[in-house]
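Here's what the structure looks like:
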């Protein structure tokens, strides 16, 4: 009995289902022998409970949504004000979505050296570098608005993208401290931090509209407070990151790689599917989201096929809030969905929701179309993106020593194609109109969904 009761003192680092089972067996043994109230058994039970609770909460705290939320808030805030700030400083309607494109370009560019950065600096220092870039982004945007320099708005977006690219590693950092059974919930908990960002970003854009009026009555000053908020978020994100306890070895592995990473990734159908699913979801979502605020605010009359009345900032902010909530809110249950259906079926469901969303947006320009379409778009993104992350983490060809490199390559591909989609959707909207943008996404998703079904039926996944 004593060996069972005191076993927890020598196994403080045990995690996962095996430890859960051992804890249960120990408790039953104590009850069965009638010694549950003895001092020695109470000590053993306390040690078991400490080990059990600490193993769970270490993973949960590393996946704390606070740090991810403050990072995601930059993206939601920039989506709400970036294109409008660009037009307010003199950019055309077609060029305004380039604020989102440069944001994605920054995220794609930093993903190339990010694996090496985290290996040499560790998780915490890497995230703090991202926080510094976020502060610089807000400063550049504020100067651009005050001095009426459109290029600084795009530079600000690029710097914010660099910061966002580093913050995307929060979801992989969560995997490093969790047992395999906790991984679906760890990833979705990190993504659920965006629930705060979904509300904070657009509302911060509205709440700070009047703060810049001290500089004048020009429309561009309405967005000055938003860029000041981006710098503030960078500071808050640094504080949240410092509060998270990352493993000392996280991201610092230096084991040799016997084959080139592209060859390894291309040799594994599961890895190919993971990258393709995440890239498909992100590109489709960004292509619809990038020109949205311009279309809803003042792009209607420029549409080749008129889509109705223009909507105020309040309605566009509401649409974005619901979209972002749909992106991140389901994270509380997506882990259970993936555990039940599997990543493959979950990604197919997500692609189907994206297809319905694009069709709804193409059907008309009523407020109901915008709200329903963007909400479904966010939900489809959540299912596909989370499933793709877990597929990549479970790839047999990518061992622990190569996972950080695969993470960087995965993010580069995702943001590269999303940047192309954002740039293309902006110019297509300026020339051919919003319905053409949504129609192209519908056709692309039909093709992608058919390919996903074929791969699933042929057992390639």
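Residue numbers (this note's numbering): 12 to 472.
All C-beta atoms in this analysis are idealised placements derived from N, C-alpha and C, irrespective of residue type, glycine included.
None of these values were measured; they are calculated from a predicted model.
The beta carbons of residue 354 and residue 398 sit closer together than 9 Å. Between the region 122-138 and the region 146-156, the count of C-beta pairs closer than 8 Å stays below three; the two stretches do not touch. Residue state for residue 324 is assigned as helix, using DSSP reduced to three classes. 9 Å or more divides the Cβ of residue 109 from the Cβ of residue 308. It is roughly 44 Å from the alpha-carbon of residue 252 to the alpha-carbon of residue 443. Using a C-beta cut-off of 8 Å, the region 420-435 makes contact with the region 105-123, since at least three inter-stretch Cβ pairs fall below that distance. Taking C-beta separations shorter than 6 Å and ignoring five residues to either side along the sequence, the partners of residue 441 in its chain run 104 and 105, following chain order. Across the set 286, 212 and 228, the C-alpha of 286 shows the shortest separation from the C-alpha of residue 401. Per DSSP, reduced to three states, the secondary structure at residue 110 is helical.
No beta strand (DSSP E) of 3 residues or more sits fully in the region 82-140. When 380, 456, 465 and 386 are compared, the shortest CA-CA separation from residue 445 is found for 380. With respect to the C-alpha of residue 295, the residue from 216, 305, 385 and 419 having the closest C-alpha is 385.
If you draw a 10 Å sphere on the C-beta of residue 229, you find fewer than 16 other C-beta atoms in it, and that means exposed.
With at least 16 other beta carbons inside 10 angstroms of its own, residue 428 counts as buried. Here residue 221 is exposed. Its C-beta has fewer than 16 other C-beta atoms within 10 Å. 455 is the residue among 304, 279 and 455 whose C-alpha sits nearest the C-alpha of residue 365.
The beta carbon of residue 328 sits closer than 8 Å to the beta carbons of 91, 213, 214, 216 and 217 from its chain, once the five residues preceding and following it are set aside; these are given in chain order. Taken through DSSP and simplified to helix, strand or coil, residue 160 comes out as coil. In the three-state reduction of the DSSP assignment, residue 280 falls in the helix class, which pools H, G and I.
Under the three-state reduction of DSSP, residue 256 is assigned to coil, being neither helix nor strand. Boundaries of the alpha helix (DSSP H) harbouring residue 390: 378-404, taken from the DSSP string. Here residue 299 really is in contact with residue 372; their C-beta atoms are around 6 Å apart, less than 8 Å.
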